[in-house]
Amino acid sequence: KNQVEQSPQSLIILEGKNCTLQCNYTVSPFSNLRWYKQDTGRGPVSLTIMTFSENTKSNGRYTATLDADTKQSSLHITASQLSDSASYICVVSDGTASKLTFGTGTRLQVTL
Amino acid sequence: NAGVTQTPKFQVLKTGQSMTLQCAQDMNHNSMYWYRQDPGMGLRLIYYSASEGTTDKGEVPNGYNVSRLNKREFSLRLESAAPSQTSVYFCASSERTGAASGYGYTFGSGTRLTVV
């Protein structure tokens, strides 16, 4: 069964600090991996999409990495801001029509 | 702003009642999806429509029906609501779906449904 596991479940950091969120997956075949940000009470918003051949992709202060050999991805947030407080969801596609496997997310809280 | 619009935002139903969740997108996307999000679980696909005129079951279709009314609109119907259908429902769209698709999904803001 395809699975996506994220760690930690929750994280609290001080504003201005960096943090890294982890995603391990057992999805086969692999097509692409996506990171989404979900603010409380809102729908997920796409941050990055990476295919098999991509190791790193950035979107502003967000940098995602992918190691397709070990089936791991990370999302690094630099110089965190209060507005980064949200859930971050890792999603893996096996390339078939519409089939995405969602992780349960990491809830990040950025405090003063 | 362009995007995916869902109505209503909140709804309380009694067991056995029916209702339709509405979804519309204005990005000229071909594919649309309905997901549910429950505490401690990842989003799960209920139904999807790869293109206008087609619909297919997802991971958890029981108790739901859908209609792709036109390219813009995709509705989700609960014929006889049950407490197990208490959830947050998200509609999403993408340019297209299919093999090796890297197309991003745009999600609506969700409908929070409570069945008592």
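Chains as they are written, first to last, in this note's numbering: chain P, 1 to 112; chain A, 113 to 228.
Every residue gets a Cβ at the ideal spot worked out from N, C-alpha and C, and that includes glycine.
Keep in mind the model is a prediction, meaning the values are calculated, not measured.
Any idea which residues DSSP pairs residue i with across the strands?
i                : result
Tyr159 (chain A) : A:Trp146 and A:Lys169
Val228 (chain A) : In the DSSP output, where bridge partners are listed per residue, Val228 (chain A) has none listed.
Glu5 (chain P)   : P:Asn24
Lys37 (chain P)  : P:Val45 and P:Tyr88
Leu242 (chain A) : Not covered by the structure: residue 242 (chain A). The range shown for chain A is 113 to 228.
Gln123 (chain A) : A:Leu225
Gln217 (chain A) : Reading off the sequence, residue 217 (chain A) comes out as Tyr, not Gln. Answer by DSSP bridge pairing: none, since Tyr217 (chain A) is not bridged.
Phe202 (chain A) : A:Tyr147
When burial is assigned at 16 or more other CB atoms within 10 Å of the CB, is residue i buried or exposed?
i                : result
Ser84 (chain P)  : The sequence given here places Asp at residue 84 (chain P); Ser does not occur at that position. Burial call: buried.
Thr101 (chain P) : buried
Arg180 (chain A) : buried
Tyr217 (chain A) : buried
His141 (chain A) : buried
Leu14 (chain P)  : exposed
Asn32 (chain P)  : buried
Pro29 (chain P)  : exposed
Asn12 (chain P)  : Just to set this straight, residue 12 (chain P) is Ile in the shown sequence, not Asn. Label assigned to Ile12 (chain P): exposed.
Gln9 (chain P)   : exposed
Gln149 (chain A) : buried
Pro44 (chain P)  : buried
Thr111 (chain P) : exposed
Gln109 (chain P) : exposed
Gly41 (chain P)  : exposed
Arg189 (chain A) : exposed
Ser53 (chain P)  : exposed
Leu82 (chain P)  : exposed
Would you verify that the beta carbon of residue i is, or is not, closer than 8 Å to some beta carbon of chain P?
i                : result
Tyr176 (chain A) : no
Phe219 (chain A) : yes
Pro120 (chain A) : no
Gln123 (chain A) : no
Ala212 (chain A) : Per-residue confidence for Ala212 (chain A) stands at a pLDDT of 45, beneath the threshold of 50, marking its modelled position as unreliable; no derived number is given.
Gly216 (chain A) : yes
Thr226 (chain A) : no
Is the Cβ of residue i closer than 8 Å to any Cβ of chain A?
i                : result
Thr65 (chain P)  : no
Thr104 (chain P) : yes
Arg61 (chain P)  : no
Pro8 (chain P)   : no
Val92 (chain P)  : no
Ser46 (chain P)  : yes
Val4 (chain P)   : yes
Arg42 (chain P)  : yes
Ile49 (chain P)  : yes
Ser73 (chain P)  : no
Taking the continuous beta strand (DSSP E) assigned at residue i, which residues delimit it?
i                : result
Asp67 (chain P)  : Tyr62 to Asp67
Arg208 (chain A) : Taken as a continuous stretch (DSSP letters only), Arg208 (chain A) belongs to no beta strand (DSSP E), as it is neither H nor E.
Gln72 (chain P)  : Gln72 to Ile77
Thr56 (chain P)  : Thr56 to Asn59
Phe52 (chain P)  : Unbroken run through Phe52 (chain P): none, as it is neither H nor E.
Phe102 (chain P) : Leu100 to Phe102
Gln197 (chain A) : Segment: none, Gln197 (chain A) is in no beta strand (DSSP E) and carries neither H nor E.
Thr111 (chain P) : Thr106 to Thr111
Ser179 (chain A) : Tyr176 to Arg180
Ser31 (chain P)  : Where Ser31 (chain P) is concerned, there is no enclosing beta strand (DSSP E), given that its DSSP letter is neither H nor E.
*Using Cβ-Cβ distances below 9 Å, what residues of the segment 128-147 of chain A are close to chain P?*
Answer in chain order: Ser143, Tyr145 and Tyr147.
*What are the residues of the segment 183-201 of chain A that lie near chain P, defined by any Cβ-Cβ distance shorter than 8 Å?*
none
*Using Cβ-Cβ distances below 7 Å, what residues of the segment 147-169 of chain A are close to chain P?*
Gly152, Met153, Gly154, Leu155, Leu157, Tyr160 and Ala162
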